[in-house]
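Notes follow once the structure below has been shown.
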Amino acid sequence: MPLKCRIRIFHASLQQGINYNFVTLTFKKRGTNLDYLQGLNTSQRAAVEQIKGPVMIVAGAGSGKTRVITYRVAHLINNGVDPFNILVLTFTNKAAKEMRERITKVVGGEAKNIWMGTFHSVFAKILRVEGHHLGYPSNFTIYDTDDSKSLIRTILKEMQLDDKLYNANFVYNRISSAKNNLISAAEYQKNEHIQAEDRSSGRPHLGTIYQTYSQRCFKAGAMDFDDLLFNTNVLMKNHPDVLYKYQNKFKYLMLDEYQDTNFSQYIIVKKLAAIHENLCVVGDDAQSIYGFRGANIQNILNFEKDYPDLNIFKLEQNYRSTQNIVNLANSIIAKNEHQLKKDVFSTNEVGDKIKIFRAFSDNEEGKIVAENIAQKRSLSGSPYQSFAILYRTNAQSRAMEEALRKIGIPYKIYGGTSFYQRKEIKDLIAYFRLTFNPNDEEALKRVINYPRRGIGNTSIERIMISANEHNISLWDVISNAENYLDSRTAVTVAPFSLLIKSFQAAAATNTAFDSAMHIAQHSGLLKDLYEDKSIEGLSRYENIQELLNGIKEFSDREDIEEKGLDVFMQDIALLTNEDNDKDPNADTVSLMTIHASKGLEFPFVHIVGLEENLFPSQRSLNSRDDLEEERRLFYVALTRAEKNIYISYATSRYQWGNLNNCEPSRFIDELDPQYLDLDFRPKSNSSDSSSFENERSSWQPLDTFSKPKPQTSRPKTTSILPKAHVPSSGFTPSDTKNLQVGMEVEHERFGYGKVVNMEGKSPDLKATIFFKELGQKQLLLKFAKLRIIE
């Protein structure tokens, strides 16, 4: 706007008696102003005002990143940039919607003209216009994941390939990975390294499947999600006129969460910005946690190499968390070698130290967490929605859910499904239900052909028709198939009938765990899940393992006498019914994986399961890059908290029926102890408080269908934590009928302690014992298994 125009506006304002700031009026345009600049700190404002050339904004956790992005776009418009020439790329539709709403508040209706959205939505829009260059109609269909996997299953069936070896999830992920690395079906088949890899895995036909899948999609006028980016790259490579058109259209590009971009996204952005180089990327390398999805952290680490004249702005003030939380998070991320250095700080209150809880099992960990939430809520008056429980894997939710339920704390699984509502859990429980009640029609229909055993819909319809005609149950028909079904159908269902009867025989004499393991293995369900090597398949397999772990803990409980699977089923029946009665708008504690928590914040955060080979995960110990991503994931967990963080770990967990000692995560050792508050006393002997390496064995999953994997060593560190108790040699429980106050005892897991009180009468006599490492516990003597120290 010309200077004389500014003067006239200023004069008119004075006549009206309005006290305008002259600097604000200098930037006045289209009825808007830039008062928002006054609310930015020095670094934020500098990043907003740098509108020319390549810009990288390194945004620490809680540093006001979204505000900077939205204000920078508004600043572009207020400085004469046409909104039609601005492209803003995000990773979620929610983020795009929030940004557009904020920009609208500053610049008004002009915000509607910005090209803003996710990579997939923006380039789907472009492909609607330009797809004809590649032979696609403008109304092409977009296949979702289920559509793609369904097509793959059809192709596998037509090629008569083993759908266990060529699992649809695995094939889909393999094709997706190739597309994200811009490897076409033709290039896939020509690449000797890829072909050798497929042959070594026993899947030499993957290239043919990929080729057939691509041809089928094209013939159907369809693209899957990965095609939207893959075909955009093909379009830009093979049609330079189209590329030039959009290079000149999008003169200003802004990209959020740049640390999460993959190779395909990186190439698109680089090409679009090649002419004007007005590219601004925003991200935090310390929060790059999606390597398993193809995200490449090198895109942000090497951004300066792509643009030597880059302007770098670091947003280092954390507005979210207390000083103790920020300092603790800094102490963990500092251990990563590959990072963009920054000094994140907070001017908020110092805050409480971070508390670390030690539990003796995941069930006890759940109890500690639940009771702490109840106590903290009572003291602070905060609603349940102020609390979050974060875990590394979905399977960990079981112990947390059960502990919360027991003391009546409402909760919600964020971005996932409650443990007992997950498909694989309901499938195995259906087998359990059928074992004890073969007339359970819903359970029978659920598993009669899962895993597949040749009992298709036609056979099931015949069974149902026969049951209706004779007014009997489906099980009566199946268990007497020769009397009610044609010979072919009878032969097909007979093995299933025998299978269920064998489960009934096993359950009649075995413990809950032995029965459950027998059913999981012999039903074929465990094997079916194990053979699914996709990320989703692994998660389902871990969930089944966790259910079996819970049953094993139930079988080993010292306070109950009836330990059959039917008793366990009575308990969880109540839990699964509660899952269906939740008010979605209720005040609830949030449970979620750490991955799902990214971008969220809560006043109070529990981070659970800080154990070696769980967090960091065993799969992350193959390389430094993988381990550093796990450390970044822990950093993300820590920086979700505003006021308080509670970290917990268990010293033992069940794995396939074996109670294994667990080693506290190396990440705990890496935390700066000046910011910590331990919930137990470290041992005074320096040799005792050193590393766990000498006497603690790492968690090693017992793989039912493959050889055990070798242990991965970890560097020795000085530990701030005490060792878990190792029972004395030849530990044998004593006869406790003469136990008295003052006697010293040893418990197999709790360690050494002294009896401080006795109450009750036999057989319900209870002893209160003060254990050196745990403090006071009350035990029922008939189940306690104590060794009296003479």
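Under this note's numbering, think of the first position of the sequence shown as 27, with each following residue one higher.
For every residue, glycine included, the Cβ atom is placed at its ideal position computed from N, Cα and C.
Every value quoted in this text rests on a predicted model; they were computed, and no experiment measured them.
Cβ-Cβ separation between Leu702 and Ile358: approximately 12 Å, too far for a contact (criterion under 8 Å). Secondary structure note for Thr287: it is in no alpha helix (DSSP H), with a DSSP letter that is neither H nor E. Taking all protein chains shown into account, Val517 has fewer than 16 neighbouring C-beta atoms within 10 Å of its C-beta and is therefore exposed. For the pair Ala622 and Glu450, the Cα-to-Cα distance works out to about 21 Å.
Shown here, Lys296 sits in a helix according to DSSP, grouped into three states. Comparing C-alpha distances from Ile294 to each of Val148, Ser513, Gly441 and Asp651 shows the shortest one belongs to Val148. The continuous stretches of alpha helix (DSSP H) do not include Arg346, and DSSP gives it neither H nor E. In summary, Asp613 is exposed, with fewer than 16 beta-carbon neighbours lying within 10 Å of its beta-carbon over all protein chains present. Bridge pairing for His544: absent [DSSP].
With 16 or more other CB atoms across the displayed protein chains lying within 10 angstroms of its CB, Arg488 is buried. Judged by beta-carbon spacing, Ser678 lies within the 8 Å limit of Asn686, meaning their Cβ atoms are closer than that value.
Three or more beta-carbon pairs separated by less than 8 Å link the region 365-383 to the region 322-342, which places the two stretches in contact. Taking C-alpha positions only, Ser210 is separated from Ala204 by approximately 7 Å.
In the three-state reduction of the DSSP assignment, Glu127 falls in the helix class. Ile152 and Ile620 have their alpha carbons spaced roughly 34 Å apart. In this structure, Asp286 lies away from Phe145, with their beta-carbon atoms at least 8 Å apart. Between Ile140 and Ser649, the alpha-carbon positions lie close to 42 Å from each other.
Per DSSP, reduced to three states, the secondary structure at Leu102 is helical.
For a cut-off of 8 Å, the C-beta gap from Ser565 to Leu636 is around 20 Å, too long to register as a contact.
Taken through DSSP and simplified to helix, strand or coil, Gln401 comes out as helix.
Beta-bridge analysis with DSSP links Pro690 to Glu637. When only Cα atoms are considered, Asn111 and Asn259 end up about 20 Å apart. DSSP places Ile671 within a strand segment (E or B) once states are collapsed to three. Contact between the region 425-442 and the region 467-486 is absent, with fewer than three C-beta pairs closer than 8 Å. The three-state reading of DSSP puts Val767 in coil, since its state is none of H, G, I, E or B. Under the 10 Å beta carbon count, His219 is surrounded by fewer than 16 other beta carbons and is classified as exposed. When C-alpha distances from Asp311 are compared across Phe776, Arg657, Glu375 and Ala667, the shortest belongs to Arg657. Distance from the CA atom of Glu467 to the CA atom of His231, rounded to whole angstroms, is 40 Å. The DSSP-derived three-state label of Ser643 is strand.
Per the Cβ contact rule, the region 391-398 is not in contact with the region 637-648 (fewer than 3 Cβ pairs under 8 Å). When the beta-carbon positions are compared, Met280 and Cys243 stay at least 8 Å from each other. Met185 sits in coil when the DSSP states are folded into three classes, being neither helix nor strand. Spanning the alpha carbons of Tyr476 and Phe289 requires a straight line of approximately 39 Å. Assigned with DSSP and collapsed to three states, Ala425 falls in helix. Here Asp592 has Phe462 as same chain residues with Cβ atoms under 6 Å from its own Cβ, once five neighbours each way along the sequence are excluded.
Secondary structure at Asn684: strand, using DSSP grouped into helix, strand and coil.
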